[in-house]
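Peer 1: There's a structure below that I have some questions on.
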Amino acid sequence: MSAAPVLALRGVSKRFGAVQALTDVDLEVHAGQVVALVGDNGAGKSTLVKTIAGVHPIDEGSIEWDGKPVSIARPHDAQGLGVATVYQDLALCDNLDVVANLFLGRELGRAKVLDEVAMEKRAKELLDTLSIRIPSVRIPIASLSGGQRQVVAIARALVGEPKLVILDEPTAALGVEQTAQVLDLVERLRERGLAVLLISHNMADVKAVADEVAVLRLGRNNGVFKVKDTTNEEIIAAITGATDNAVTRRKARGAEAVK
Amino acid sequence: MSDTVNTPPQPQKPSDSQESTKDQKHAPVDADPDAAAGAIPAIDPRLLVREQGFAGYLTEFKRKIKGGELGSIPVVTGLIVIWAIFQISSGRFLDPSNLSNIAQYIVGPGLIATGIVFVLLLGEIDLSVGSVAGLTAAASSVLAIKQDMNEGLAVLIGLVGAAAIGALHGFFFARIGVPAFVVTLAGFLGWSGLQLFVLGNTLSLNNISGGIIYHLNNYYFSDVAAAYGLAAVAVAGYAWSQWNEHRRRKAADLPHRPMSELALRTGVVAVLVFVAAYVLNQEDGLPLGLTVFVAVIVLASFVLRRTNYGRQVFAVGGGVEAARRAGINVVWIRISVFTISGFLGGLGGLFIASQSGVADSNLGGGDTLMLAIAAAVIGGTSLFGGRGTPWSALLGILVIQSIMTGLYMEGSSSKAVQSMITGAVLLAAVVLDSVSRRSQKAAGRA
Ligand SMILES: Nc1ncnc2c1ncn2[C@@H]1O[C@H](COP(=O)(O)OP(=O)(O)OP(=O)(O)O)[C@@H](O)[C@H]1O
Ligand SMILES: [Mg+2]
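Taken in order, these protein sequences are the chains called Z and S.
Each residue of the first sequence is one higher than the one before, starting from 1 at the first, in full-length UniProt numbering.
Each residue of the second sequence is one higher than the one before, starting from 1 at the first, in full-length UniProt numbering.
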């Protein structure tokens, strides 16, 4: 990881009226790296994602892209840099087929006439390289399962050839098998050399795919951990506040009971 | 932005995943569910690609029916039944003279219904099209007859005005956020008022004999070569587009229809088109009105299925939020669709005026609006948005006009029976639409 990080946030702050949603937040994501962003409800994870995606411009601090400072004021800017965001509500068109959804808004063709053959071919190539298996690329999204929709939504983010993929709670609504599919996909993105920022409340998911875990607490950094040499307890402690968490409370209670 | 899906360098050997896919097909799939859900593809990608040939065609057909994708099957079946019943009972329903007659009557309402199809695809409704039709016919006739304007210019002004009215509805709906139902209800009242105002105390204006409006729905290319020539061009065009698609898909190594199926499809189209040409030639020849109507449908269907714009219309109809996030200008799509609806409403009005011989205060009133909406829905366009085709306007209006003409031939010219039967057919169509939507949901398709 000697190269400059694909994305680096330096001292980013964001206020909503009276709410200081983010204070002095630092974050780095390298190419070929999965960084999990965790934190309690209201910690500011979604806000952080939205600043990167250009939905909410930052108040203070700076954003660096490939080592160079950039300004992200609109979603368009972020897309231009190569940021693809998969929001939790997937935003797919149920009545359109998989190919149409993958290319929605950036259809292939000449002079406004669609080139269905080219799109279908590329869709297949894309889905193949991601080892995504769906019954057919020509059936409406409506007939896919939740997990299949999720992988289509992720694949859709990749059509624009991003360098950084942000996934906001991609497994929140999924069953065991679908979750596994999505996590596999995350690993494949890493193998392809993309930077991935994964938001999740699920420690097992985080431990399974992430290289690093960045913890947000009350809008501030509360530690970055290497997944390999960190225990769940340590992460949870950082999420909830190191001195006061479920584990320490129970220990304390136990101690009191002994007395 | 067109070279978007070049795959970035891939650490694994590409052949790796391919081979493992093939191997896994032979492995017991459910031996280890966790593993199956993992790196191993759980579903064969070619699962739903239908087998080549007619056996595959049948499987696909059954799957679609089960999944609630009825398409135009019900309306075509209905049309055949209706024609058969009237032919048996009257003995002359299928006479060329009667069929030519029907071909003339369907043009005006059919054009209006085509506009409605666009609006229904957005999941919206346009209640103003009847009034817009009446106003356009009245305004063009008044300009040409009372104001002595060049008739071509008068017609042009009428049509531009109709499109502008549609754009205005679209503006109120898309920009201001007034529900389309209410905006166009206001239009329904307001524009028919303007129609009366424009006509003043004249109330009825006969078409200029031999003029443009007069000819629109009364002109026939009487040379038999016209109908047959157009039929030949249509079949050749259809065959070419089918073959072209076949060739390109084959070259791209995508699933494609076998040649036998291409031949069959082209054959069916050829029979239909040439029978129609023959029937029309038995009477007056190829009608200008029908030609315009079918041309509009072909163009609309091309725009909706093959262009960026059409894709965006379907996207907005299927999910506004998804469309917006994909960068589609939802406001523009909505305004443009209502503009199209207004324009086709106006065009339909001119053809109705041509067919009835007069532009009067009744034109576009009565059940014009209801029949146009009914036609689109009977033809198979969904009321729920995102599903449908302009061809449903043709099929639907054919059903409605056949019922009317048939009953008239039976001697029951009374409006009572016509309305009750048409109402029942519409109800059946909407029930089918709703049920097919439900079974689509059940089959996970809606
Ligand atoms: N648009 C907004 N206007 C005002 N306050 C906001 C806005 N968006 C977020 N906030 C506030 O910022 C804080 C962080 O919210 P955020 O949505 O980023 O939390 P989160 O970490 O994503 O939580 P969760 O796990 O529940 O998704 C919250 O206190 C929230 O109320
Ligand atoms: Mg959130």
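Just so you know, even glycine gets a beta-carbon here, dropped at the ideal spot from N, CA and C.
1) Any beta-carbon of chain S closer than 7 angstroms to the one on Z:Gly105?
2) Z:Asp26 and Z:Leu9 - do their beta-carbons sit closer together than 7 angstroms?
3) For chain Z, is any of its Cβ atoms less than 7 angstroms away from the one on S:Ile125?
4) Could you tell me the distance, in whole angstroms, from the CA atom of S:Gly385 to the CA atom of Z:Leu189?
5) Output the distance between the C-alpha atoms of S:Pro41 and Z:Leu197, rounded to the nearest integer angstrom.
6) Tell me the rounded alpha-carbon separation between Z:Ser131 and Z:Gln148.
7) What residues from chain Z crowd round S:Leu254, counting only those whose CB sits closer than 7 angstroms?
8) Secondary structure at S:Asn207, three-state DSSP: helix, strand or coil?
9) Taking the beta carbon of S:Arg46 as the centre, do at least 16 other beta carbons fall within 10 Å, making it buried, or is it exposed?
10) Could you tell me if the beta carbon of Z:Thr47 falls within a distance shorter than 6 angstroms of some heavy atom in ligand 1?
11) Count the other C-beta atoms from every protein chain shown that fall within 10 angstroms of the C-beta of S:Ala27, then say buried if there are 16 or more, exposed otherwise.
12) For S:Gly386, would you say it is in contact with chain Z, using Cβ-to-Cβ distances shorter than 7 angstroms as the test?
13) Any heavy atom of ligand 1 closer than 6 angstroms to the beta-carbon of Z:Gly61?
14) Express the C-alpha separation of S:Gln401 and S:Ala138 in angstroms, rounding to a whole number.
15) What first and last residue would you give for the alpha helix (DSSP H) that runs through S:Asn244?
16) Which residue marks the beginning of the beta strand (DSSP E) containing S:Ser354, and which one marks its end?
17) Can you say whether S:Gly237 is buried or exposed, counting buried as having 16 or more other CB atoms within 10 angstroms of its CB?
18) Would you kindly work out how many angstroms separate the C-alpha atoms of S:Thr184 and S:Ser361, rounded to a whole number?
19) Is there contact here, the region 222-239 of chain S with the region 263-275 of chain S, by at least three beta-carbon pairs under 8 angstroms?
20) Just confirm the distance between the C-beta atoms of Z:Cys93 and S:Gly71, as a whole number of angstroms; I'd bet it's less than 8 angstroms.
21) Select from S:Leu122, S:Tyr220, S:Val129, S:Leu99 the residue whose C-alpha is nearest the C-alpha of S:Arg311.
22) Compile a chain-ordered list of the residues in the region 316-329 of chain S whose CB is closer than 9 angstroms to at least one CB of chain Z.
23) From this set, Z:Val186, Z:Gln178, Z:Lys50, which residue's C-alpha is nearest Z:Ala21's C-alpha?
24) Would you mind stating whether S:Phe343 and S:Ala174 have Cβ atoms separated by less than 7 angstroms?
25) Please name the residue, chosen from Z:Ala172, Z:Asn221, Z:Ile154, that lies closest to Z:Glu28 on a Cα-to-Cα basis.
26) Is S:Arg257 close to chain Z, meaning its C-beta is less than 7 angstroms from at least one C-beta of that chain?
27) Flag this pair as touching only if the region 96-111 of chain S and the region 335-342 of chain S have three or more C-beta atom pairs under 8 angstroms; answer yes or no.
28) For Z:Val99, I'd like the list of residues in its chain whose CB is within less than 8 angstroms of its CB, leaving aside the five on either flank, ordered along the chain.
29) Flag Z:Arg10 as yes if its beta-carbon sits less than 7 angstroms from any beta-carbon of chain S, otherwise no.
30) Grouping DSSP H, G and I as helix and E and B as strand, with all else coil, what is Z:Ser13?
31) Using a C-beta to C-beta distance shorter than 7 angstroms, which residues of chain Z count as neighbours of S:Thr307?
32) So for Z:Glu116, helix, strand or coil by DSSP?
Peer 2: Taking the geometry as given:
1) For the purposes of this step, residue 105 of chain Z is taken as the residue at position 105 of the first sequence. With 7 angstroms as the cut-off, Z:Gly105 counts as an interface residue toward chain S.
2) Here residue 9 of chain Z refers to the residue found at position 9 when the first sequence is read from its first residue. Here residue 26 of chain Z refers to the residue found at position 26 when the first sequence is read from its first residue. Yes. Within cutoff.
3) For the purposes of this step, residue 125 of chain S is identified with residue 125 of the second sequence, where counting begins at 1. So, not an interface residue.
4) By one-based count along the second sequence, residue 385 of chain S stands at place 385. By one-based count along the first sequence, residue 189 of chain Z stands at place 189. Computed Cα separation, rounded: 36 angstroms.
5) In the second sequence, the residue the question calls residue 41 of chain S occupies position 41. In the first sequence, the residue the question calls residue 197 of chain Z occupies position 197. Note that S:Pro41 has pLDDT 39, beneath the 50 cutoff, so the model's placement of it is unreliable and no number is given.
6) The residue you call residue 131 of chain Z lines up with position 131 of the first sequence. The residue you call residue 148 of chain Z lines up with position 148 of the first sequence. Roughly 12 angstroms separates the two Cα atoms.
7) Mapped onto the second sequence, residue 254 of chain S falls at position 254. In chain order: Val117, Glu120, Lys121.
8) Here residue 207 of chain S is taken as the residue at index 207 of the second sequence, counted from 1. Residue state, collapsed to three classes: coil.
9) Taking the first residue of the second sequence as 1, we reach residue 46 of chain S at position 46. Bear in mind that a pLDDT of 40 at S:Arg46, under 50, signals an unreliable position, so the model cannot answer this.
10) Indexing the first sequence from 1 puts residue 47 of chain Z at position 47. It does: the Cβ of Z:Thr47 is within 6 angstroms (strictly closer) of some heavy atom of ligand 1.
11) By one-based count along the second sequence, residue 27 of chain S stands at place 27. Unreliable placement is indicated for S:Ala27, whose pLDDT of 36 sits below 50; no coordinate value is reported for it.
12) Sequence index remark: in the second sequence, residue 386 of chain S carries index 386 (1-based). Yes, S:Gly386 lies at the interface with chain Z (some Cβ there is under 7 angstroms from its Cβ).
13) Locating residue 61 of chain Z in the first sequence gives position 61, where the first residue counts as 1. No, since every heavy atom of ligand 1 falls outside the 6 angstroms radius drawn around the Cβ of Z:Gly61.
14) Stepping through the second sequence from its first residue, residue 138 of chain S is reached at position 138. Stepping through the second sequence from its first residue, residue 401 of chain S is reached at position 401. Each residue's Cα considered, the two are about 24 angstroms apart.
15) Numbered from 1 along the second sequence, position 244 holds the residue referred to as residue 244 of chain S. Its alpha helix (DSSP H) spans residues 224-251.
16) Numbered from 1 along the second sequence, position 354 holds the residue referred to as residue 354 of chain S. That residue, S:Ser354, is in no beta strand (DSSP E); its alpha helix (DSSP H) goes 330-356.
17) Mapped onto the second sequence, residue 237 of chain S falls at position 237. Classification of S:Gly237: exposed, given that the 10 Å Cβ count is below 16.
18) As a first step, residue 184 of chain S is located in the second sequence; it is residue number 184 there, counting from the start. As a first step, residue 361 of chain S is located in the second sequence; it is residue number 361 there, counting from the start. Near 19 angstroms, if we compare the C-alpha coordinates of S:Ser361 and S:Thr184.
19) yes
20) Position 93 of the first sequence, counted from the start, is the residue given in the question as residue 93 of chain Z. Position 71 of the second sequence, counted from the start, is the residue given in the question as residue 71 of chain S. Between S:Gly71 and Z:Cys93 the Cβ distance is about 19 angstroms, and since that is not below 8 angstroms, they are no contact.
21) As a position in the second sequence, residue 311 of chain S is number 311, starting the count at 1. With distances taken between Cα atoms, S:Arg311 lies closest to S:Leu122.
22) Val316, Gly317, Gly318, Gly319, Glu321, Ala322, Ala323, Arg324, Arg325, Ala326, Gly327, Ile328
23) In the first sequence, residue 21 of chain Z corresponds to position 21, counting from 1. Z:Ala21 has its Cα closest to that of Z:Lys50, out of Z:Val186, Z:Gln178, Z:Lys50.
24) Translated into positions along the second sequence, residue 343 of chain S becomes position 343. Translated into positions along the second sequence, residue 174 of chain S becomes position 174. No.
25) Walking along the first sequence from the start, residue 28 of chain Z turns up at place 28. Among Z:Ala172, Z:Asn221, Z:Ile154, the Cα nearest to that of Z:Glu28 belongs to Z:Asn221.
26) Walking along the second sequence from the start, residue 257 of chain S turns up at place 257. No - not a single Cβ of chain Z is within 7 angstroms of the one on S:Arg257.
27) no
28) Position 99 of the first sequence holds residue 99 of chain Z. Only Glu116, Met119, Glu120, Ala123, Val137, Arg138 meet the Cβ criterion.
29) Position 10 of the first sequence, counted from the start, is the residue given in the question as residue 10 of chain Z. Answer no: the Cβ-Cβ gap between Z:Arg10 and chain S never drops below 7 angstroms.
30) Locating residue 13 of chain Z in the first sequence gives position 13, where the first residue counts as 1. It is a strand residue.
31) Residue mapping note: residue 307 of chain S aligns to position 307 of the second sequence, counting from 1. What S:Thr307 touches in chain Z: Lys112, Val113, Leu114.
32) Within the first sequence, numbered from 1, the residue matching residue 116 of chain Z stands at position 116. Three-state DSSP puts Z:Glu116 in a helix.
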